[in-house]
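Residue numbers (our numbering), protein chains in the order written: chain A, 9 to 218; chain B, 9 to 218.
Even for Gly, the Cβ is constructed at its ideal location relative to N, Cα and C.
Number of protein chains: 2
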Amino acid sequence: MKTDGTARSKARDISSWSPSDQARRDAILRAASAHVRHYGYQKTTVADIAKTIHLSTAYLYNFFDSKQAIGEAVCTRILSDLMSELDQSVRQITSPSECIVFIFQYLAEVSIKMFRDDRKIHDLVARSFHEHWTSPTAYNAELLSILKSVILRGRETGEFERKTPLDETCEAVRYTTETFFHPVLLEQNPRNLIDEALMVALLVRRSLLC
Amino acid sequence: MKTDGTARSKARDISSWSPSDQARRDAILRAASAHVRHYGYQKTTVADIAKTIHLSTAYLYNFFDSKQAIGEAVCTRILSDLMSELDQSVRQITSPSECIVFIFQYLAEVSIKMFRDDRKIHDLVARSFHEHWTSPTAYNAELLSILKSVILRGRETGEFERKTPLDETCEAVRYTTETFFHPVLLEQNPRNLIDEALMVALLVRRSLLC
DNA sequence: TGAATGACGAATTGACAAACTCGTCACTTG
DNA sequence: CAAGTGACGAGTTTGTCAATTCGTCATTCA
């Protein structure tokens, strides 16, 4: 049942998706998202999703390879939306070192908020981390890209040191963020993320300043 | 069944432990440790432990409140031994900033080693983290103390900055180590801990240097 | 009196069958 | 032929009941 990244796609080839196919995918994802938010991923059956958009389960498999693929898509969208929002916010903060602090706090806050107010979605994300779906990888890449832009900016303005290789710095910073957006950790250890995030953010900032 | 820290002790009061009682506790822990190492915590019954030291299960409960209490004690000892070893090593490294790097690498290595070569023990430790036993708390305190001594030394030799409050720095550094000794995380995400640990160690070092 | 235990209730685990879910394929329909 | 489906096998989850295991207590023994 567990599918690796190496599994070949069985759904129709992406290149042949017409606009109406895209709409179908969208409808599927919206239905899935709603059901998962209410009942959780586990208790959402493919039949449930099919029923709400008035299609047979068999036909759904023309648009997604598996139930997991639907879950991954829902999850990817959620994480991607978060990263977009973070990106927006960061662009409006002029000071790079303030950006760093903001990023840590944002991750901690959004993480806790999801845990408190949207538990079923949290569970989905936790599962995606736990089972190494593609969504966390995509999320990491997006976060890394945001960090890179901030750190680059800091180096250009002369606020940040320039001796350490840029990529090394960025990756290291991203590692330190991992504790603050990690559903699996959170559900096992609901400590005071906010305060910890601030302290680590300040530490990271000190390591960046020159 | 789940006992919180608030639960009152049912085993005999600690103040009344005679040396021979201590020996009994030791025997119990050694038997438990051996069984757990072979069969895992779950499959180790209190009867198993009692049998190997030729006592009844009922009598064991004079020395430990519960099976979990035995597990915690075993776990505490394991973690404490690791911290002692780390402390020893760190004392023999003169440069504080080398100490920092060493600590991160030690944690990552020992973590992986336990996962690879002593899986059943790893599972026990993972459970202790997962269920918030007292052992991780004790471990954290010991690690924090080691970090404090190193950072203090670095500040005294003028190698490390002295503006940030000592406690804040120490706690922040400890947070960043959490990713590298965390059985729960490891079993879900067997990434390349060693390299990550090095990169984060260097970042932390940069934040400490003045 | 202190060391130690057998026997026992409550709670947990394991085993196994029934019900359900996933995903495929041949087939219908317009 | 494109859009869509019912029916089905493989594999998984759920429910149930018996067997274990945990932890307590009254009791024995030296």
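- The contact set of B/Gln196 on chain A, defined by CB atoms closer than 9 Å, consists of Phe137, His138, Glu139, His140, Val192 in chain order.
- Rounded to whole angstroms, A/Val54 and A/His138 show a C-alpha spacing of 21 Å.
- The beta carbon of A/Arg170 sits no closer than 8 Å to any beta carbon of chain B.
- According to the DSSP assignment, B/Asp73 belongs to no alpha helix (DSSP H), since it is labelled neither H nor E.
- If you draw a straight line from the Cα of A/Val44 to the Cα of B/Ala31, it is about 55 Å long.
- Counting other Cβ atoms within 10 Å of its Cβ, B/Ala149 stays below 16 and is therefore classed as exposed.
- Cβ-Cβ separation between B/Met91 and B/Leu151: approximately 6 Å, consistent with a contact (criterion under 8 Å).
- The beta carbon of B/Ser215 falls within 8 Å of a beta carbon belonging to chain A, placing the residue at that interface.
- Taking C-beta atoms as the reference points, A/Ser143 and A/Ser153 fail to come closer than 8 Å.
- For A/Leu210, the nearest CB of chain B lies under 8 Å from its own CB, placing it at the interface with that chain.
- Judged by beta-carbon spacing, B/Ala146 lies within the 8 Å limit of B/Leu87, meaning their Cβ atoms are closer than that value.
- Within chain B, no residue has its CB atom less than 9 Å from the CB of A/Val44, the nearest being about 21 Å off.
- Cβ-Cβ distances below 8 Å link B/Ala42 to Thr60 in the same chain, with the five nearest sequence neighbours on each side left out; the list follows chain order.
- A/Leu155 is not a Cβ neighbour of A/Arg127, given a cutoff of 8 Å.
- Of all alpha-carbon atoms in B/Asn197, B/Arg33, B/Tyr114, B/Ile111, the one lying nearest the alpha-carbon of B/Ser74 is that of B/Arg33.
- Within its own chain, the residues whose Cβ lies closer than 7 Å to the Cβ of B/Leu193, once the five positions on either side in sequence are excluded, are Thr187, listed in chain order.
- Under the three-state reduction of DSSP output, A/Leu210 falls in the helix class.
- Distance from the CA of A/Arg214 to the CA of B/Leu216, rounded to the nearest whole angstrom, comes to 8 Å.
- Beta-bridge annotation (DSSP): A/Leu217 is paired with A/Phe168.
- B/Met207 belongs to the set of residues whose beta carbon lies under 8 Å from a beta carbon in chain A.
- Using a Cβ-Cβ cut-off of 9 Å, B/Glu117 is close to nothing in chain A; its nearest Cβ partner there is about 17 Å away.
- Within 10 angstroms of the beta-carbon of A/Gly166 lie fewer than 16 other beta-carbons, which makes it exposed.
- Distance from the CA atom of B/Pro104 to the CA atom of B/His62, rounded to whole angstroms, is 50 Å.
- Taking 8 Å as the CB threshold, A/Val98 stays off the interface with chain B.
- In this chain, the alpha helix (DSSP H) harbouring B/Glu117 covers 104–125.
- If one requires a minimum length of 3 residues, no beta strand (DSSP E) run lies completely within the stretch 174–201 of chain B.
- Taking A/Asp56 as the centre and dropping the five residues before and after it, the same chain places the C-beta of His43 closer than 7 Å to its C-beta, in chain order.
- Distance between B/Pro191 and A/Ile202, taken at the CA atoms: about 23 Å.
- Put simply, the backbone Cα of B/Val109 is about 11 Å away from that of B/Ala116.
- Counting along the chain, the unbroken alpha helix (DSSP H) around A/Lys59 starts and ends at 54–60.
- No Cβ-Cβ contact shorter than 8 Å links B/Glu204 with B/Phe123.
- Within the same chain, Leu37 come within 6 Å of B/Ala81 by CB-CB distance, once the 5 residues on both sides are set aside.
- When rounded, the separation of the alpha-carbon atoms in B/Thr185 and B/Val158 is 15 Å.
- For A/Ile36, the three-state secondary structure derived from DSSP is helix.
- Interface criterion not met: the Cβ of B/Glu167 is under 8 Å from no Cβ in chain A.
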